[in-house]
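Protein chains: 2
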Amino acid sequence: MKNDCAQSIPPEWAHFSQLFAALGDPERQRILLSFEPGETLNATQLTQASLLSRPTVSHHLRLLCEAGVLERTRRGREIHFRLMAGTLIERLQTVISYLDAHR
Amino acid sequence: MKNDCAQSIPPEWAHFSQLFAALGDPERQRILLSFEPGETLNATQLTQASLLSRPTVSHHLRLLCEAGVLERTRRGREIHFRLMAGTLIERLQTVISYLDAHR
DNA sequence: TTTTCATGTCGAAAAATATCGACTATTTGA
DNA sequence: TCAAATAGTCGATATTTTTCGACATGAAAA
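Here the protein sequences line up with chains G and D, keeping their order.
Per my numbering, numbering of the first sequence is gapless, rising by one per residue and ending at 103.
Per my numbering, numbering of the second sequence is gapless, rising by one per residue and ending at 1103.
Below, the structure is given as structure tokens:
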């Protein structure tokens, strides 16, 4: 057993709990699955596609941005969200490499 | 925008929110990182390596098993937990394939 | 500049989750 | 059979997260 991570998480793994927590909510997953390849969606579109209120959708979008899942860009008075597929793939590959060494 | 997942998550994705929610807790991440390659650990070992109580660790172990992250096997009066690295890799590869088609 | 549109923030309430002490179940060894 | 060891359950409490209405911000259009 690795006792070095018995009580604290190594710094290189710390951001993964934030990532997985962001991905682990059904409403946020629903938001992510509504993106078509390469598409950008604004907050109004994402709110209209949801059963929840704007403040609530805004809250989920903030968590997804803070976790590095979505990118936020202002265009005029709209704010566009984009799925950061590339960096997500890299991060998940890191996890897979770790797991592959721990079969 | 994909309107078919506007209000409900497609069944083939439903188990992922449970998986990511399980991986998204720092205590559970700490538990997972304490496994050496191929190692099995019992509940007492995992509790001793934690700052939390046995009921709490037991709770986290149950969530990890229900999400398909750990495997539970009784051996005598001990219960051994094993990291299901193989199936986890497959599930993460599914997510990566989806993301790769959505760059 | 005033209005309108798009979005976010704030504070409070509701819901879900984590945590623990006391008790229970199950298996093994004396 | 009885005692010890291992692990889980139950009920209550604490903490965190989610949710929303009302209000604030900031950019474009009139």
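Don't be surprised by glycine CBs; every beta carbon is placed ideally from N, CA and C.
This structure is a prediction, so every number in the text was calculated from the model and none was measured.
Does any CB atom of chain G fall closer than 8 Å to the CB of residue i?
| i | result |
| --- | --- |
| Glu-1078 (chain D) | no |
| His-1060 (chain D) | no |
| Gly-1024 (chain D) | yes |
| Ala-1021 (chain D) | yes |
| Leu-1070 (chain D) | no |
Return the chain-ordered list of same chain residues with a C-beta closer than 7 Å to the C-beta of residue i, the five sequence neighbours on each side being excluded.
| i | result |
| --- | --- |
| Met-1084 (chain D) | Gly-1068, Val-1069, Leu-1070 and Glu-1071 |
| Ala-22 (chain G) | Arg-28, Leu-63, Leu-64, Ala-67 and Val-69 |
For residue i, which residues from the same chain have a beta carbon less than 6 Å from its beta carbon, with the 5 sequence-adjacent residues on both sides left out?
| i | result |
| --- | --- |
| Ser-50 (chain G) | Val-57 |
Using a C-beta cutoff of 8 Å, does residue i count as contacting chain D?
| i | result |
| --- | --- |
| Arg-103 (chain G) | yes |
| Glu-12 (chain G) | no |
| Gly-38 (chain G) | yes |
| Leu-41 (chain G) | yes |
| Leu-52 (chain G) | no |
Going by DSSP, which residues form a beta bridge with residue i?
| i | result |
| --- | --- |
| Glu-78 (chain G) | G:Arg-75 |
| Thr-40 (chain G) | G:Arg-82 |
| Leu-1070 (chain D) | D:Leu-1083 |
Mind pulling the chain D residues with CB within less than 8 Å of residue i?
| i | result |
| --- | --- |
| Arg-82 (chain G) | None at all; the shortest Cβ gap to chain D is about 10 Å. |
| Pro-55 (chain G) | By Cβ distance, chain D contributes nothing, its closest Cβ being about 19 Å from Pro-55 (chain G), past 8 Å. |
Please compile the residues from chain G whose C-beta is within a distance smaller than 7 Å of the C-beta of residue i.
| i | result |
| --- | --- |
| Val-1095 (chain D) | Leu-92 |
On the three-state DSSP scale, how would you describe residue i?
| i | result |
| --- | --- |
| Leu-107 (chain G) | Residue numbering for chain G in the displayed model covers 1 to 103; residue 107 (chain G) lies beyond these limits and cannot be assessed. |
| Ser-1097 (chain D) | helix |
| Gln-45 (chain G) | helix |
| Ile-1031 (chain D) | helix |
| Pro-10 (chain G) | coil |
| His-102 (chain G) | coil |
Which residues of chain D have a Cβ atom closer than 7 Å to the Cβ of residue i, listed in chain order?
| i | result |
| --- | --- |
| Gly-86 (chain G) | Arg-1103 |
At a CB-CB cut-off below 9 Å, which residues of chain G make contact with residue i?
| i | result |
| --- | --- |
| Leu-1063 (chain D) | Under the 9 Å cutoff, chain G gives no residues; its nearest Cβ is about 11 Å from Leu-1063 (chain D). |
Check whether the Cβ of residue i lies closer than 7 Å to any heavy atom of the ligand PLP, and answer yes or no.
| i | result |
| --- | --- |
| Thr-47 (chain G) | The ligand PLP is absent from the structure shown, which contains no ligands of any kind. |
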